[in-house]
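Asker:
There are 2 protein chains.
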Amino acid sequence: MEPNASNNMQPDNCLEITPMEVHKVVPPPHRSTIQKLKSRLKETFFPDDPLLQFKRQPLGTKWILAAQYVFPILQWGPNYSFKLFKSDIVSGLTIASLAIPQGISYAKLASLPPIVGLYSSFVPPLVYAVLGSSRDLAVGPVSIASLILGSMLRQEVSPINDPLLFLQLAFSSTFFAGLFQASLGLLRLGFIIDFLSKAILIGFMAGAAVIVSLQQLKSLLGITHFTKQMGLVPVLSSAFHNINEWSWQTILMGFCFLVFLLLARHVSMRKPKLFWVSAGAPLVSVILSTILVFAFKAQHHGISVIGKLQEGLNPPSWNMLHFHGSNLGLVIKTGLVTGIISLTEGIAVGRTFAALKNYQVDGNKEMMAIGLMNVIGSATSCYVTTGAFSRSAVNHNAGAKTAVSNVVMSVTVMVTLLFLMPLFQYTPNVVLGAIIVTAVIGLIDFPAACQIWKIDKFDFVVMLCAFFGVIFISVQDGLAIAVAISIFKILLQVTRPKTLILGNIPGTDIFRNLHHYKDATRIPGFLILSIEAPINFANTTYLKERIVRWINEYETEEDIKKQSSIRFLILDLSAVSAIDTSGVSLFKDLKKAVENKGVELVLVNPVGEVLEKLLRADDARDIMGPDTLYLTVGEAVAALSSTMKGQSSSNV
Amino acid sequence: MEPNASNNMQPDNCLEITPMEVHKVVPPPHRSTIQKLKSRLKETFFPDDPLLQFKRQPLGTKWILAAQYVFPILQWGPNYSFKLFKSDIVSGLTIASLAIPQGISYAKLASLPPIVGLYSSFVPPLVYAVLGSSRDLAVGPVSIASLILGSMLRQEVSPINDPLLFLQLAFSSTFFAGLFQASLGLLRLGFIIDFLSKAILIGFMAGAAVIVSLQQLKSLLGITHFTKQMGLVPVLSSAFHNINEWSWQTILMGFCFLVFLLLARHVSMRKPKLFWVSAGAPLVSVILSTILVFAFKAQHHGISVIGKLQEGLNPPSWNMLHFHGSNLGLVIKTGLVTGIISLTEGIAVGRTFAALKNYQVDGNKEMMAIGLMNVIGSATSCYVTTGAFSRSAVNHNAGAKTAVSNVVMSVTVMVTLLFLMPLFQYTPNVVLGAIIVTAVIGLIDFPAACQIWKIDKFDFVVMLCAFFGVIFISVQDGLAIAVAISIFKILLQVTRPKTLILGNIPGTDIFRNLHHYKDATRIPGFLILSIEAPINFANTTYLKERIVRWINEYETEEDIKKQSSIRFLILDLSAVSAIDTSGVSLFKDLKKAVENKGVELVLVNPVGEVLEKLLRADDARDIMGPDTLYLTVGEAVAALSSTMKGQSSSNV
């Protein structure tokens with residue numbers, strides 16, 4: 001350590017450790033393969049350790065805890081009070097006033113009869129109130145899942161020519177979506193939705209918002225012959241090719257209500273206390289526009305209306321589910337895509353509000369709740385439902401305390417279904433279009449996109465891919481492309497791991513990246529590298545090439561500076577969390593390669609698993625002699641420097 | 001640091017750093033996005049820095065170096081001596097004696113006319129001698145690529161009913177294989193072949209060896225009506241259902257030559273000096289068996305022979321290539337699969353012998369050489385060729401010094417093509433079958449499989465999947481399944497990164513895994529975790545849950561031991577090599593979550609890129625205050641302990 005010793009003014013330099021003080025690298029305590037497999041499986045599937053609370057409890061308590069685990073209502077139900085109910089009834093009525101017009105609108109987005117949207121706002125919230133663990137989630141149909149369900153089914157079956165089959169396929173898709181969601185939860189494979197990163201979701205939602213808004217051009221402009229495609233180009237060309245069908249009455253009405261709704265939204269965003277302004281606006285619009293149409297008999301002047309709706313509660317639909325036949329593939333595919341998308345939305349919303357109010361939402365449990373809700377829904381004339389972003393926010397702002405607000409909403413929808421359906425006969429479609437546009441505009445998150453641009457350019461590219469993929473290709477393909485790029489990035493990180501060159505921070509035994517800490521200095525005769533990734537088949541070739549290049553570059557520089565050549569190559573393995581058989585042979589190859597250059601390979605701090613595997617290799621002794629394995633870089637440098645000194649003095 | 005101070009008998013404890021000595025974590029030197037992109041691209045595509053040698057050279061030298069880079073023959077050609085030639089001629093003749101019978105056999109394996117195998121041993125070696133950088137590679141057709149080419153094309157076109165089309169498709173596939181290989185090299189995407197790990201290759205090769213050997217049952221048993229399928233089950237059932245077709249003369253002859261060839265192989269394996277025994281055995285068998293058939297007119301007694309072969313050199317075949325039409329998809333797919341498989345074999349063989357003789361083989365350059373060789377081959381009646389395992393080993397043992405041994409082999413094959421073809425008329429197919437079986441048995445590597453079982457159980461499973469996938473499903477699917485499992489493992493590692501709990505090794509400022517180093521001790525009030533993976537969208541949810549669980553578990557244990565509760569959560573980020581936007585928000589969420597438990601979040605040693613992205617977040621100051629970012633765990637613990645002491649004394 002001569003070169004730094006001169007710079008070093010501190011009396012006791014930690015680096016000056018005598019060889020006696022060097023700490024041994026020991027293999028980790030022995031565990032059998034079964035034990036390892038068990039702990040690996042536990043980490044993979046039960047990272048949250050759901051059984052922790054059951055430990056050290058008497059049997060009776062265990063049963064109660066288990067029942068509470070399955071039915072969260074048993075957890076909060078017994079402590080439910082009138083005070084909580086007062087809050088829940090206000091928020092429940094508020095979201096009901098939003099859920100009724102949105103339910104009708106979203107059902108139309110999915111090419112389903114409007115009443116199915118209301119059915120879907122009645123049964124699923126009741127199921128969720130019993131099974132769900134989020135207190136803020138407002139359950140019902142949502143825009144994106146409706147859009148995807150409709151667009152995927154329309155590719156094969158026409159909702160106009162064959163409405164019954166279309167309805168059957170929608171219910172069947174809902175069944176498979178629920179089945180898939182529940183199985184993900186049951187098999188604890190919830191991490192699959194983690195592959196939809198924040199960047200993907202922001203791009204995807206913005207793209208979906210654009211697509212959904214464009215679809216509303218049909219009702220906003222009053223066009224009757226509209227394209228069935230979803231992309232930006234065909235929709236716009238269809239809208240402008242049918243300019244003769246535009247109805248000024250519809251456009252005027254749509255424009256007025258759109259301005260009203262957007263203004264209401266703006267007020268609520270400015271002052272969160274006035275949440276009821278935007279929450280009530282859709283219902284007010286529906287009532288107002290219905291009265292207007294009724295008063296002026298506007299349905300005869302080019303304004304299309306919903307028309308007669310059936311009264312009564314959800315009819316059973318289990319006999320309508322398709323479990324075989326030619327459409328089974330389509331139904332399963334649609335169920336998978338809508339299932340995963342709606343699950344992502346539901347879980348994300350649940351987690352967001354849980355974090356705000358500081359309680360836990362168990363992802364896998366939520367998946368089972370949402371899945372079961374959709375399976376039951378598919379048997380009672382409901383289509384895919386989940387926790388909606390916009391309505392949950394309103395629910396939260398309106399002061400919801402428990403899932404009882406969902407029950408209140410559900411009862412309100414029930415009353416509507418039983419007694420108020422005739423009132424919707426004259427509701428114009430254009431208002432429903434305006435309500436959808438206002439709802440989905442909130443899905444475009446510009447500030448988050450800017451933040452992503454600032455932090456990570458690659459994530460921004462992924463976001464753009466999702467966005468443009470959705471608006472120009474298709475909703476599913478845009479999503480698939482973005483996920484593929486994200487996974488490719490992860491694989492690229494694994495294939496091209498970072499290797500950092502370390503230098504000593506003078507006066508300490510700390511070694512840090514030379515290119516980051518400018519005061520760190522090289523130690524002559526040593527090349528110290530830190531490998532920052534698990535070593536496996538995908539990167540051994542690269543690592544070997546890269547390390548040899550580090551040596552070559554270093555020697556070229558040393559030639560110029562006329563310094564001594566490298567004697568030791570120290571690899572800091574602290575960050576190598578795992579290794580496989582290819583990785584083990586890397587060290588063998590590397591040792592051979594550097595020995596030809598007269599350099600000795602020294603390993604520092606391999607973690608337990610890596611050390612075990614290195615030791616298990618046939619030629620372990622070759623790779624790791626007693627002088628080539630150290631616990632810290634500092635100790636390795638100190639010990640090897642003293643042997644170097646010893647050798648050079650004996651040579652003299 | 002009180003609890004350890006008592007155990008610590010050393011006079012100067014490094015952990016007792018006064019707060020003044022704490023080292024600052026500084027952001028890395030600024031680099032623009034373009035600079036970062038450039039260095040990232042360089043690391044990804046030019047890890048070996050091929051332009052390093054051009055630096056600081058005069059222009060003339062640069063031109064010479066460039067020419068040598070493209071044509072390695074210019075590098076070793078000028079220094080070529082008669083002494084080297086003597087070695088090369090011996091090794092060249094040796095591999096020729098192996099290449100001629102193997103060429104004929106492998107062409108039959110691919111359902112191609114036997115002469116195509118000889119054509120393919122003539123042109124490609126000449127091309128490789130000019131372009132290739134390996135000195136030991138013996139170029140020609142190989143068993144696995146022949147098997148795949150044949151089996152993939154046979155699925156669509158019958159080589160018996162439509163031999164001309166089959167031949168055209170084989171050449172076209174060769175063209176696309178070469179094009180694909182050369183583009184991989186040119187675009188520097190060579191890392192794609194790294195995804196075929198050693199474990200996959202061992203399983204795959206063993207499976208392919210079984211499949212290839214089973215195919216030889218046709219010629220070894222003398223069956224005329226044999227299945228066209230490849231799997232274990234159909235082939236065995238076909239062999240035993242046609243028991244009436246078995247010919248005892250063929251079986252006897254096959255058995256004798258198989259025993260002879262295996263004995264020769266055994267001798268050479270025992271004594272590498274006697275390499276010529278196994279190298280010459282196939283040619284001896286061919287000559288002997290041909291004489292036997294000719295002498296006894298055995299072709300009339302149930303022994304099938306090759307028959308008349310055309311004389312003359314490779315006819316041009318560029319007019320036979322298919323660039324459009326209904327078979328284009330098949331041809332491209334076949335080209336891709338055989339291209340990547342033969343590339344893997346060629347590169348692996350080249351690297352193995354380069355490592356033995358201590359010279360460098362540039363992967364991307366080799367890909368271009370092999371690719372160009374196949375493109376030129378496809379225009380001169382050759383099918384897919386690469387560097388063969390078995391023949392390269394013989395070449396190396398026979399003392400090959402340069403690629404001239406390939407030229408010698410090529411000339412020998414040329415002489416054969418021009419003058420000796422009539423001699424092969426009576427060569428029996430059963431001997432060719434015996435030669436193939438002997439060659440592919442060497443591909444089954446039991447010791448390597450045992451080694452994999454010892455080191456890494458998961459790799460062993462991957463190997464078994466490749467093996468059973470190949471023998472029971474199909475060659476391509478077996479390979480695809482094994483690659484998919486390997487990639488899934490990598491993704492699982494990323495999704496479920498390790499978190500280690502660190503403890504202090506008494507008497508030092510070293511912190512290591514508590515579950516690995518049993519003498520490491522916890523420091524009361526601190527929970528120190530090390531995260532061992534890049535933090536990204538795929539693992540943020542897991543990491544948050546897991547870290548919260550660490551805190552809960554730790555507090556449960558502390559409750560029992562009646563120790564003080566956690567005050568600080570220290571996250572050692574040394575091993576976090578990268579982060580994305582989701583990762584940045586993890587720290588925000590985590591800070592909120594632990595603050596609710598009265599715990600402060602402290603970060604230690606984020607690497608340059610991670611630190612930069614954390615600082616760029618809008619609320620960077622929230623995450624990283626002045627007291628929550630340290631350079632080492634030791635310094636963090638020392639500094640925070642002193643503030644704890646200060647607080648508790650001021651409270652008193």
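Note that the protein sequences, when read in sequence, are chains A and B. Okay, so the first sequence: first residue is 1 according to UniProt numbering, each after it adds one. Okay, so the second sequence: first residue is 1 according to UniProt numbering, each after it adds one. The C-beta atom is built at its ideal place from N, Cα and C for all residues, glycine as well. Computed from a predicted structure; not experimentally measured.
Along the chain, where does the alpha helix (DSSP H) that runs through T508/A open and close?
Answerer: Here T508/A belongs to no alpha helix (DSSP H), and DSSP marks it neither H nor E.
Asker: Rank F122/A, W63/A, A393/A by C-alpha distance to the C-alpha of residue 653/A and give the top, closest one.
Answerer: In this structure chain A extends from 1 to 652, so residue 653/A is not present and cannot be described.
Asker: Kindly list, in the order they appear in chain A, the residues whose Cβ is closer than 8 Å to that of P497/B.
Answerer: Ordered by position in chain A, the residues that pass the 8 Å Cβ test against P497/B are S577.
Asker: Nearest CA to the CA of R441/A: which residue from V210/A, C465/A, F46/A, Q155/A?
Answerer: What sits at residue 441/A in the sequence shown is Ile, not Arg. The candidate whose alpha carbon is nearest that of I441/A is V210/A.
Asker: Measuring only between beta-carbons, confirm whether L491/B sits less than 8 Å from chain A.
Answerer: yes
Asker: Compute the distance between the beta-carbons of Q425/B and L309/B, then report whether it is under 8 Å.
Answerer: Yes, Cβ-Cβ distance for Q425/B and L309/B is below 8 Å.
Asker: Tell me which same chain residues have a C-beta within less than 7 Å of the C-beta of Q68/A, skipping the five on either side of it?
Answerer: Excluding residues within five positions, the ones whose Cβ falls inside 7 Å are L74, Q75.
Asker: Check whether chain B comes within 8 Å of N395/A, counting only Cβ atoms and requiring the distance to be less than that.
Answerer: no
Asker: Grouping DSSP H, G and I as helix and E and B as strand, with all else coil, what is T632/A?
Answerer: coil
Asker: So with Cβ pairs under 8 Å, would you call P29/A a contact of chain B?
Answerer: yes
Asker: On the CB-based measure, 16 or more other CB atoms within 10 Å of its CB, does V415/B come out buried or exposed?
Answerer: exposed
Asker: Is it buried or exposed, C450/A, if we count other Cβ atoms within 10 angstroms and call 16 or more buried?
Answerer: Counting other Cβ atoms within 10 Å of its Cβ, C450/A stays below 16 and is therefore classed as exposed.
Asker: Looking at the C-beta of K365/B, does it have a partner C-beta in chain A at a distance below 8 Å?
Answerer: no
Asker: What does a CB cutoff of less than 7 Å around R40/B pick up in its chain, not counting 5 residues either side in sequence?
Answerer: none
Asker: Could you name the residues of the same chain whose beta carbon sits closer than 6 Å to that of R522/A, not counting the 5 residues immediately before and after it, in chain order?
Answerer: G503
Asker: Within a Cβ cutoff of 6 Å, which residues of the same chain sit near V437/A, ignoring the five residues on either side of it in sequence?
Answerer: S213, Q216
Asker: Please list, in chain order, the chain B residues whose beta carbon lies closer than 9 Å to that of P33/A.
Answerer: The amino acid at residue 33/A is misidentified as Pro; the sequence shows Thr. Those are K457, listed as they occur along chain B.
Asker: Distance, Cα to Cα, G507/A vs F46/B?
Answerer: 37 Å
Asker: Take every Cβ of the stretch 583 to 597 of chain B, pair it with every Cβ of the stretch 538 to 548 of chain B, and state whether three or more of those distances are shorter than 8 Å.
Answerer: yes
Asker: For a test of the three-state rule: what should DSSP assign to T250/B, helix, strand or coil?
Answerer: helix
Asker: Alpha carbon to alpha carbon, how far is K24/A from D627/A?
Answerer: 10 Å
Asker: Just by C-beta distance, which residues in the stretch 432 to 458 of chain A are closer than 8 Å to chain B?
Answerer: Q451, I452, K454, I455, D456, K457, F458
Asker: Using DSSP with H/G/I as helix, E/B as strand and the rest coil, what is D572/B?
Answerer: strand
Asker: Residue range of the alpha helix (DSSP H) that E609/A falls in?
Answerer: 608 to 616
Asker: Please list the partners that N358/A has in chain B, where partner means a Cβ-to-Cβ separation under 9 Å.
Answerer: K592, A593, N596
Asker: Where does Q57/B land, buried or exposed, given buried means 16+ other C-beta within 10 angstroms?
Answerer: exposed
Asker: In its own chain, which residues sit with a C-beta less than 6 Å from the C-beta of S289/B, not counting the 5 before and 5 after it?
Answerer: Hits under 6 Å: P428, V431.
Asker: Tell me, which residues are paired with E600/A by DSSP?
Answerer: F568/A
Asker: My output table needs one value for F424/B: the three-state DSSP class, helix, strand or coil.
Answerer: Three-state DSSP puts F424/B in a helix.
Asker: Which residues in chain B have a C-beta closer than 8 Å to the C-beta of N504/A? List them in chain order.
Answerer: Under the 8 Å cutoff, chain B gives no residues; its nearest Cβ is about 12 Å from N504/A.
Asker: State the Cα-Cα distance for the pair L336/A and A177/A, rounded to the nearest angstrom.
Answerer: Annotation: L336/A to A177/A spans about 6 Å, alpha carbon to alpha carbon.
Asker: State the Cα-Cα distance for the pair M409/B and I291/B, rounded to the nearest angstrom.
Answerer: M409/B and I291/B have their C-alpha atoms some 24 Å from each other.
Asker: Anything in chain B within Cβ reach of T44/A, meaning under 9 Å, just list it in chain order.
Answerer: L492, T495, R496
Asker: At what residues does the beta strand (DSSP E) containing F526/B begin and finish?
Answerer: 526 to 531
Asker: Hey, could you find the ends of the alpha helix (DSSP H) Q181/B is sitting in?
Answerer: 163 to 186
Asker: Determine, using beta carbons only, whether A538/A comes closer than 8 Å to chain B.
Answerer: yes
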